[in-house]
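Here the sequence shown is numbered in our numbering, starting from 482 and rising by one per residue. Structure, as structure tokens:
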Amino acid sequence: MASVVVARAVAEQRQEALQKEEARKRQTLQELFDKLDESKNGTLSRDEVKNLLREISKEEKDPSEDELEFVMKMAGQKNEDEEINKEELETAILCWQCYQTSFADDRSMGSVLFKRYDTDLSGKLNRRQIKGLLAELNNGEEVSEDDVDWVLQKADVLKDGEISKIELNQAIAAWFQNQNTKARLAQPSTSSTKSKSSVCAIL
């Protein structure tokens, strides 16, 4: 009986700690939002989001227009005005931090993969280069044009028919999502467990 009481007390303490941490996070996000919202209209404009990304950037430099556009679309994808509200701020931060981690240095996953397939040094991957990347993810086996179309449909947030550095995580996640879907359809009764990719992305 005593062990049950102790277990319940521990569970309650853990829940209380989680609630306090969540409250602290909400307060921090609120303070950051209030600081960034210079116009005090309840949303963050492109310029205000640009200030945010510069502030949390590892190198403290302005994001490129493509990088800024990507974050705006990913975080404010339900907002037709392409402004970010308070609820979308955390998504914007996570999106940018994930990108920064993937390209932290020359040995980072994003840097290695992108450099390998960006053979013309254009800063973007075209269909042929994307196909090569997907083949590597597919254990060296060639992928179909339909596979490339799927990845572009999901990951080409900037809608230019190519994959930029900041879209790379999205492309990789889209590929594994597609493969997992195919596997579940091929074996509908074997397992209900969903396989997840460790790639940071929002699909």
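Yeah, the Cβ is synthetic: ideal placement off N, Cα and C, and Gly gets one too.
| Skipping 5 residues on each side, what residues in its chain have a beta carbon closer than 6 Å to that of N607? | E643
| CB contact flag (L570, F514, <7 Å) | yes
| Nearest residue (CA-CA) to M553, options G604, T572, A490 | T572
| message | With distance defined between alpha-carbon atoms, name the residue in V629, E648, D627 nearest to D637. | response | E648
| said: If you reduce the DSSP assignment to three classes, tell me which class L618 lands in. | reply: helix
| In this structure, does DSSP put N607 in helix, strand or coil? | coil
| said: Looking at G591: is its Cβ nearer than 7 Å to the Cβ of S583? | reply: yes
| request: State the beta-bridge partners of N566 as determined by DSSP. | output: T524
| For the alpha helix (DSSP H) that S592 lies in, which residues bound it at each end? | 590-598
| request: Note down the Cα distance separating E563 from V530, rounded to an integer number of angstroms. | output: 11 Å
| In terms of alpha-carbon separation, which member of R535, Q651, K567, D586 lies closest to Q634? | Q651
| request: Spatial neighbours of Q610 within its chain, please: CB distance less than 6 Å, with the 5 preceding and 5 following residues excluded, ordered by chain position. | output: Y598
| C-alpha distance - D628 paired with D528, whole-angstrom precision | 36 Å
| Bounding residues of the alpha helix (DSSP H) (the contiguous stretch that carries I653) | 649-667
| field | Whole-Å CB distance - L639 paired with L614, under 8 Å assumed | value | Not quite, the Cβ-Cβ distance comes to about 17 Å (not below 8 Å), so this is no contact.
| Contact belief for R535 with D543 at Cβ below 8 Å, rounded distance in angstroms | 5 Å
| request: Buried or exposed for K442, please, with buried defined as at least 16 other CB atoms from any protein chain shown within 10 angstroms of its CB. | output: For residue 442 there is no data in the structure shown, the boundaries of the chain being 482 and 684.
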